Amino acid sequence: MKTPHTTGRSWYARPLTLVCELQKALKFTAPLLSTLLLLTSTLIAQQPAEEEEANLSELHYRAIKPTAKVLEGNEPSLMKPTPVPAGNAARINTARFTKAPLWSRQLTTAANKQLEVDNVQLLPVAAAPVKVMNGTAPAFCTTPTVAIGCCWYGIKDEYNNKNVNYASPASVFNNNENDARAFAQSLQPAMPFYLPYTNSKVYPAGAWQYDNGNGHGSVDFLKTADAYGSGIDPTFGVYAAAPGRVLTAMWNDLFGNVVIIEHTAANGTKYRTGYFHLRNGFDHDIQMAKNIAVSNPNDKDARDTKYKKFANLANPSTLLWGTNAQKLKVKAGDYVNAGQQIAYAGNTGFGGAGWGLNQDGTPSDPNTGNNHLHFMLWVKSPNPATGVDWMEVDPYGVYAKANSNTNECYEVGANGAFNRFFAPFYPSFHNVPVQYITRYWGYYTGMGMALQTLSVHKKGNTYLASGSFQYGLPSAWYCRINMSSDQYQQYFNQYGSQGYMPRQISVTKDNSGNPLFTVIWKKKAANEAFAAVHNIDDAAWNTKWKTLVEQQKMRVAEHVAYSVNGKRLHAGVFVNINPGGFYEYYGMNPADFNKKFDDLHKAGFMTINVNAEESGNQTAFGGVWWPRNKAYYAYYNMSPAEYQSKFNSLGQQGFQLFRIQGYANSGLFSAIWMK
Numbered sequence: 001m002k003t004p005h006t007t008g009r010s011w012y013a014r015p016l017t018l019v020c021e022l023q024k025a026l027k028f029t030a031p032l033l034s035t036l037l038l039l040t041s042t043l044i045a046q047q048p049a050e051e052e053e054a055n056l057s058e059l060h061y062r063a064i065k066p067t068a069k070v071l072e073g074n075e076p077s078l079m080k081p082t083p084v085p086a087g088n089a090a091r092i093n094t095a096r097f098t099k100a101p102l103w104s105r106q107l108t109t110a111a112n113k114q115l116e117v118d119n120v121q122l123l124p125v126a127a128a129p130v131k132v133m134n135g136t137a138p139a140f141c142t143t144p145t146v147a148i149g150c151c152w153y154g155i156k157d158e159y160n161n162k163n164v165n166y167a168s169p170a171s172v173f174n175n176n177e178n179d180a181r182a183f184a185q186s187l188q189p190a191m192p193f194y195l196p197y198t199n200s201k202v203y204p205a206g207a208w209q210y211d212n213g214n215g216h217g218s219v220d221f222l223k224t225a226d227a228y229g230s231g232i233d234p235t236f237g238v239y240a241a242a243p244g245r246v247l248t249a250m251w252n253d254l255f256g257n258v259v260i261i262e263h264t265a266a267n268g269t270k271y272r273t274g275y276f277h278l279r280n281g282f283d284h285d286i287q288m289a290k291n292i293a294v295s296n297p298n299d300k301d302a303r304d305t306k307y308k309k310f311a312n313l314a315n316p317s318t319l320l321w322g323t324n325a326q327k328l329k330v331k332a333g334d335y336v337n338a339g340q341q342i343a344y345a346g347n348t349g350f351g352g353a354g355w356g357l358n359q360d361g362t363p364s365d366p367n368t369g370n371n372h373l374h375f376m377l378w379v380k381s382p383n384p385a386t387g388v389d390w391m392e393v394d395p396y397g398v399y400a401k402a403n404s405n406t407n408e409c410y411e412v413g414a415n416g417a418f419n420r421f422f423a424p425f426y427p428s429f430h431n432v433p434v435q436y437i438t439r440y441w442g443y444y445t446g447m448g449m450a451l452q453t454l455s456v457h458k459k460g461n462t463y464l465a466s467g468s469f470q471y472g473l474p475s476a477w478y479c480r481i482n483m484s485s486d487q488y489q490q491y492f493n494q495y496g497s498q499g500y501m502p503r504q505i506s507v508t509k510d511n512s513g514n515p516l517f518t519v520i521w522k523k524k525a526a527n528e529a530f531a532a533v534h535n536i537d538d539a540a541w542n543t544k545w546k547t548l549v550e551q552q553k554m555r556v557a558e559h560v561a562y563s564v565n566g567k568r569l570h571a572g573v574f575v576n577i578n579p580g581g582f583y584e585y586y587g588m589n590p591a592d593f594n595k596k597f598d599d600l601h602k603a604g605f606m607t608i609n610v611n612a613e614e615s616g617n618q619t620a621f622g623g624v625w626w627p628r629n630k631a632y633y634a635y636y637n638m639s640p641a642e643y644q645s646k647f648n649s650l651g652q653q654g655f656q657l658f659r660i661q662g663y664a665n666s667g668l669f670s671a672i673w674m675k
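Every letter in the sequence shown is one number past the one before it in full-length UniProt numbering, and letter 426, counting from 1, is 426.
1) Using the three-state DSSP reduction, which class does residue 24 fall into: helix, strand or coil?
2) From 476, 466 and 558, pick the residue whose C-alpha is nearest to that of residue 663; which is it?
3) Candidates 653, 476, 352 and 670: which alpha carbon is nearest residue 306's?
4) Pick from 549, 666, 309 and 635: whose alpha carbon is nearest that of residue 657?
5) Look up residue 288 in the DSSP assignment and say whether it is helix, strand or coil.
6) Less than 9 Å separating the beta-carbons of residue 348 and residue 285?
7) Give the DSSP-derived three-state secondary structure of residue 162 in the structure shown.
8) Since residue 505 sits in a beta bridge, which residues does DSSP pair it with?
9) Quick one: what's got a C-beta closer than 7 Å to residue 146's C-beta in the same chain, skipping five residues either side?
10) List the DSSP bridge partners of residue 607.
11) Do the segment 296 to 305 and the segment 327 to 342 make contact, defined as three or more Cβ pairs closer than 8 Å?
12) Buried or exposed: residue 485, going by 16 or more other Cβ atoms within 10 Å of its Cβ?
13) In terms of alpha-carbon separation, which member of 601, 463, 191 and 540 lies closest to residue 442?
14) Spatial neighbours of residue 244 within its chain, please: CB distance less than 6 Å, with the 5 preceding and 5 following residues excluded, ordered by chain position.
15) Could you compute how far the alpha carbon of residue 110 sits from the alpha carbon of residue 553?
16) Just to confirm my understanding: we take residue 450, look at its own chain, exclude 5 residues before and 5 after, and list those with CB closer than 6 Å. What are they?
17) Using three-state DSSP, classify residue 569 as helix, strand or coil.
18) According to DSSP, simplified to helix, strand and coil, what is residue 468?
19) Apart from the five residues just before and just after residue 610, which ones in its own chain have a Cβ nearer than 6 Å to its Cβ?
20) DSSP three-state call for residue 510: helix, strand or coil?
21) Is the distance from the Cβ of residue 362 to the Cβ of residue 313 below 9 Å?
22) Distance, Cα to Cα, residue 590 vs residue 454?
23) Are the beta-carbon atoms belonging to residue 274 and residue 378 less than 9 Å from one another?
24) With distances taken from CA atoms, which of 331, 385, 355 and 282 is nearest residue 304?
25) Tell whether a beta-carbon distance below 9 Å holds between residue 166 and residue 388.
26) Let me check understanding here. Comparing Cα to Cα, which of 661, 666, 655 and 660 lies closest to residue 674?
27) Locate the alpha helix (DSSP H) running through residue 246, then write down its first and last residues.
28) Compute the Euclidean distance between the alpha carbons of residue 433 and residue 364, then round it to the nearest angstrom.
29) How about residue 194 and residue 239: do their beta carbons lie closer than 9 Å?
30) Thinking just about the alpha-carbon of each residue, which of 422, 564 and 452 is nearest to the one in residue 660?
31) Output yes or no for whether 9 Å exceeds the beta carbon distance between residue 548 and residue 571.
32) With contact counted as at least three CB pairs below 8 Å, one residue from each stretch, are the segment 495 to 503 and the segment 516 to 535 in contact?
33) First and last residue of the alpha helix (DSSP H) that includes residue 178?
34) In whole angstroms, what is the alpha-carbon distance linking residue 213 and residue 482?
35) Does DSSP put residue 308 in a helix, a strand or coil?
36) Can you look up residue 590 in the DSSP assignment and give me helix, strand or coil?
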């Protein structure tokens, strides 16, 4: 393998030998940063191999599965979060392909004049509509009840050294359901929140309401019913749902070990998340349980009584209490990233284990001991005059139960009456069903993020999407997904009349083999002229080249080659802004493509586009190179796991995803990162 350049700007396409075994969680490190970091986590020794972490590309939108029963009784509000190969080499397909003609041009003239070729298109206008992606809220899937619970509760803010009052909407709105519902409907997340676990066996088991309809005001997470058995540790890692400051990391007799984190969105909106019943070491937790002063020792059914007996059982099980290595990983004052592990799920505090214990202190389920994560999300109280500082909200936006009849309401894509706070997918994502991108279009765009890149591709007859929402991009932009040729022409004309031009084009096919276009438009600069084409063959592309590049001194800013009925077609954009030397190639086999990359890198060029052109069982490659002016990496023929691995590595080095394409039945990816 060739040694990479030390500048960090090199690209190599060489055989890859390392394949990652796990996919890791994509998170933002802070709401004010645009850098996307993929934070890693590891499996604890007690977790068996079959409980590896989930593929986090799909963790947020997988279907709900049956879980074991959480036993919390009636505690009405008194309870207290795409990828590529490792190294500097990309995996390439070693199969030989038929070499297609190579088209290469280099423009050296530095002319920068206004051209009279603005808004060029080759196809007639069509009026067929496409769906507007405006994030409209559908009807709710089940009757919600927002104003649940009866009481407020105080938890110490260790960081600021003061007591803070938390409560349900019932306390804030004086049990007025209409007022509570109206407020809940007005809430829209100002920053992403992620599921607080990564274990593939974990799902929500208890939610806003208990099964009997009483208030819970939170979500209980635990493993699925098939995840337990003799000798299997019921714990799982607990992760920060968003970046923020740890305010509380302490013991509470009712809640057990508690962590509370405050999060601040880019617009200044503050939230808090709470993580209850956590483990903090075998010796510590048993001793704290033994120290509890029970309210009525004669009440054998009292949770505190049973919990103290539980702590005094002979030979307590480390599977139910945890090991001394399973401790809180944060303390008050720490700043944590989204996706950073903060603890392990447990059953600490008599509110955690107490409902799942028999009178003699033995667990009613000896395999679980009622191990679960009790998770809460709070917003600033809209009525602090009540004495409530922070009010509970449902992070799923469902405000209902999570039992066998309604748990489908907690799946991504389910209809709900309120906005979901948990992210429906990660801001940089791959192989996400397209319907979730359109269904939750407003989640990231409502936070001021925009699409840097988007590729739509198929797996069988299912359309999947890969791309990246990022901060720091221009606020004026459009995107349309899976347009027919005529629809693309229609919206090209419409947006062109408003001063927009295509910035990035992705092409897939419908089930009849016709091209479907996904396009991101940008606002055209004042002195920017462009010409755009689609569905033209090699001869027409060559003619356009002669006219626009050789005669009018434009250069290629975007190019996609694709095959329809065995014939290569082209879509592309020519621009006049900042013309300079550039190269454009297509129809190359991997060996020629690799060599061209090496040669052009040495000549001072960087790729802004890697394009895989599929025709039958053959794949050819092409790209566009501009003069290199920043550090970048580009890779192709990466499996999803390899893509995830490279995303991890480059994200941690400060590189952002610039471009992605999925192909080969959504089993391979090309991608470019820049810094």
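For each residue, glycine too, the CB sits at the ideal point set by N, CA and C. A quick note: this is a predicted structure, and the numbers were derived from the prediction, not measured.
If we stick to the structure as given:
1) Within the sequence shown, the letter at position 24 stands for residue 24. Here residue 24 scores only 25 on pLDDT, less than 50, and its place in the model should not be relied on; the value that follows carries that caveat. It is coil, neither helix nor strand.
2) Within the sequence shown, residue 663 is the residue found at index 663, counting from 1. Among 476, 466 and 558, the Cα nearest to that of residue 663 is on 466.
3) In the sequence shown, residue 306 corresponds to position 306, counting from 1. Of the listed residues, the one whose Cα sits closest to residue 306 is 352.
4) As a first step, residue 657 must be located in the sequence shown, where it is residue number 657. Residue 635 is the option with its Cα nearest to residue 657.
5) What you label residue 288 is simply residue 288 of the sequence shown in a count that begins at 1. Looking at residue 288 - three-state DSSP - the assignment turns out to be helix.
6) Taking the sequence shown and counting its residues from 1, one reaches residue 348 at position 348. Taking the sequence shown and counting its residues from 1, one reaches residue 285 at position 285. Yes.
7) Numbered from 1 along the sequence shown, position 162 holds the residue referred to as residue 162. The answer is strand: DSSP assigns residue 162 an E or B state.
8) Translated into positions along the sequence shown, residue 505 becomes position 505. Per DSSP, 519.
9) In the sequence shown, the residue the question calls residue 146 occupies position 146. Only 169, 177, 180, 181, 184 and 399 meet the Cβ criterion.
10) Here residue 607 refers to the residue found at position 607 of the sequence shown. Looking at the DSSP assignment, residue 607 forms a beta bridge with 625.
11) no
12) The residue given as residue 485 occupies position 485 in the sequence shown. By the neighbour-count rule (16 or more Cβ atoms within 10 Å), residue 485 is buried.
13) The count along the sequence shown starts at 1 and reaches residue 442 at position 442. Of 601, 463, 191 and 540, the residue nearest in Cα terms is 191.
14) Here residue 244 corresponds to residue number 244 of the sequence shown, with the count starting at 1. So the qualifying residues of the chain are 261, 262 and 263.
15) If you number the sequence shown from 1, residue 110 lands on position 110. If you number the sequence shown from 1, residue 553 lands on position 553. At residue 110, the pLDDT of 25 sits below 50, so the modelled position is not reliable; the number obtained from the coordinates is stated separately. Each residue's Cα considered, the two are about 8 Å apart.
16) To locate residue 450, count along the sequence shown from 1; it is residue 450. Answer for residue 450: 473 and 477, listed in chain order.
17) The residue labelled residue 569 in the question sits at position 569 within the sequence shown. DSSP places residue 569 in strand when its eight states are reduced to three.
18) Within the sequence shown, numbered from 1, the residue matching residue 468 stands at position 468. Residue 468 falls in the strand class under three-state DSSP.
19) Numbered from 1 along the sequence shown, position 610 holds the residue referred to as residue 610. Correct list, in chain order: 623, 634, 636 and 670.
20) As a first step, residue 510 is located in the sequence shown; it is residue number 510 there, counting from the start. Note: residue 510 maps to coil in three-state DSSP.
21) As a working note, residue 362 is residue 362 in the sequence shown. As a working note, residue 313 is residue 313 in the sequence shown. Going by C-beta atoms, residue 362 is nearer than 9 Å to residue 313.
22) Looking up residue 590 in the sequence shown gives position 590. Looking up residue 454 in the sequence shown gives position 454. Roughly 24 Å between the two C-alpha positions.
23) Walking along the sequence shown from the start, residue 274 turns up at place 274. Walking along the sequence shown from the start, residue 378 turns up at place 378. Yes.
24) Residue 304 sits at position 304 when you count from the first residue of the sequence shown. Residue 304 has its Cα closest to that of 355, out of 331, 385, 355 and 282.
25) By one-based count along the sequence shown, residue 166 stands at place 166. By one-based count along the sequence shown, residue 388 stands at place 388. Contact flag set, yes.
26) As a working note, residue 674 is residue 674 in the sequence shown. When each option's Cα is compared against that of residue 674, the closest is 655.
27) Position 246 of the sequence shown, counted from the start, is the residue given in the question as residue 246. Counting along the chain, residue 246 falls outside any alpha helix (DSSP H), though it belongs to the beta strand (DSSP E) covering 244 to 252.
28) By 1-based counting over the sequence shown, the position of residue 433 is 433. By 1-based counting over the sequence shown, the position of residue 364 is 364. Looking at the two C-alpha atoms, the distance is approximately 41 Å.
29) For the purposes of this step, residue 194 is taken as residue 194 along the sequence shown, with counting starting at 1. For the purposes of this step, residue 239 is taken as residue 239 along the sequence shown, with counting starting at 1. Their beta carbons are under 9 Å apart, which means residue 194 touches residue 239 by this criterion.
30) Here residue 660 refers to the residue found at position 660 when the sequence shown is read from its first residue. Ranking the options by Cα distance to residue 660, first place goes to 452.
31) Within the sequence shown, the letter at position 548 stands for residue 548. Within the sequence shown, the letter at position 571 stands for residue 571. No, these two residues do not count as a Cβ contact at 9 Å.
32) yes
33) For the purposes of this step, residue 178 is identified with residue 178 of the sequence shown, where counting begins at 1. Looking at the DSSP string, the run of the alpha helix (DSSP H) that includes residue 178 is 177 to 186.
34) If you number the sequence shown from 1, residue 213 lands on position 213. If you number the sequence shown from 1, residue 482 lands on position 482. Taking the straight line from one Cα to the other gives about 43 Å.
35) On the sequence shown, residue 308 is found 308 positions in, with the first residue counted as 1. Residue 308: helix per DSSP, three-state reduction.
36) Residue numbering aside, residue 590 sits at position 590 when the sequence shown is read from its first letter. DSSP places residue 590 in helix when its eight states are reduced to three.
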